[in-house]
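Enquirer: Have a look at this one before I ask anything.
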Amino acid sequence: MSQDHNKEQFDIYYNAGKIALERGNYQLSVENLVKAIRFIGAGSRLGGEAQIWLVTAYQAAGQQEDAIALCEKLTVHPHFKIRDQAKDVLYIMKAPRLERPQEWMVEIPDLTTEESSSPQYLTTKPIKSNNIKRGRVVPEVDLSQVDTKDNQFIGIALIVILLSLGSLFFLQ
Numbered sequence: 034m035s036q037d038h039n040k041e042q043f044d045i046y047y048n049a050g051k052i053a054l055e056r057g058n059y060q061l062s063v064e065n066l067v068k069a070i071r072f073i074g075a076g077s078r079l080g081g082e083a084q085i086w087l088v089t090a091y092q093a094a095g096q097q098e099d100a101i102a103l104c105e106k107l108t109v110h111p112h113f114k115i116r117d118q119a120k121d122v123l124y125i126m127k128a129p130r131l132e133r134p135q136e137w138m139v140e141i142p143d144l145t146t147e148e149s150s151s152p153q154y155l156t157t158k159p160i161k162s163n164n165i166k167r168g169r170v171v172p173e174v175d176l177s178q179v180d181t182k183d184n185q186f187i188g189i190a191l192i193v194i195l196l197s198l199g200s201l202f203f204l205q
């Protein structure tokens, strides 16, 4: 088999394994990730990344011993980032489990039942406004008909501003 074919097969199984893990199909994820690792090699960087995903899939599938064993194997991986990540994950997996009181737990109701699938709130139809007329064209204004005589407002406003600023500088 050629390298390109192996890389293509790796990508197919690797992505399928990640998607299966994200969708909660943990056993399918384990199967796809194991196949992906066979195509790329466990010692490569991509193989290490796939094995980190496989550790997560093992743990999600309830195969804690397999996850810990693989993670311990990855602590001596040739790629340093994979080693560091494996050490961090292994530390978390070997941490003691804390007991959680029942009152800390939240029970999530099953939303697949027939009764709860109907909407609780009903929407209404949007209110039609007669004031809004679509497609109305605004006529252009003839500027020769508009009174454009200057009413001296700008000049007076500038003089007031200059006097105010001048008095501020003078008082300092």
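Read in order, the letters of the sequence shown are residues 34 to 205 in this note's numbering. Backbone N, C-alpha and C fix where the C-beta goes; we use that ideal spot for every residue, glycine too.
Excluding five sequence neighbours on each side, which residues of the same chain lie with their C-beta closer than 7 angstroms to the C-beta of residue 49?
Expert: If you number the sequence shown from 1, residue 49 lands on position 16. Result list for residue 49: 65, in chain order.
Enquirer: Let me know the beta strand (DSSP E) ranges lying completely inside the segment 51-96, each 3 residues or longer, listed in chain order.
Expert: Counting only runs of 3 or more, we get nothing.
Enquirer: Could you tell me which of 84, 94, 201 sits nearest to residue 115, measuring between CA atoms?
Expert: Along the sequence shown, read from residue 1 onward, the residue named residue 115 stands at position 82. Of 84, 94, 201, the residue nearest in Cα terms is 84.
Enquirer: Would you say the segment 66-73 touches the segment 36-53, given that touching needs at least three Cβ pairs under 8 angstroms?
Expert: Short answer: they touch.
Enquirer: Measuring straight from C-alpha to C-alpha, what distance separates residue 109 and residue 136?
Expert: What you label residue 109 is simply residue 76 of the sequence shown in a count that begins at 1. What you label residue 136 is simply residue 103 of the sequence shown in a count that begins at 1. Straight-line Cα distance between these residues: approximately 42 angstroms.
Enquirer: Between the C-alpha atoms of residue 68 and residue 127, what's the straight-line distance to the nearest angstrom?
Expert: Here residue 68 is taken as the residue at index 35 of the sequence shown, counted from 1. Here residue 127 is taken as the residue at index 94 of the sequence shown, counted from 1. The straight-line gap from Cα to Cα measures roughly 27 angstroms.
Enquirer: Using a Cβ-Cβ cutoff of less than 6 angstroms, which residues in the same chain neighbour residue 87 once the five nearest sequence positions on both sides are dropped?
Expert: Position 54 of the sequence shown, counted from the start, is the residue given in the question as residue 87. Only 66 meet the Cβ criterion.
Enquirer: Does the distance from the C-beta atom of residue 90 to that of residue 59 stay below 7 angstroms?
Expert: As a position in the sequence shown, residue 90 is number 57, starting the count at 1. As a position in the sequence shown, residue 59 is number 26, starting the count at 1. Yes, Cβ-Cβ distance for residue 90 and residue 59 is below 7 angstroms.
Enquirer: Exposed or buried, residue 107, counting other C-beta atoms within 10 Å across all chains shown (16 or more means buried)?
Expert: Taking the sequence shown and counting its residues from 1, one reaches residue 107 at position 74. Residue 107 comes out buried.
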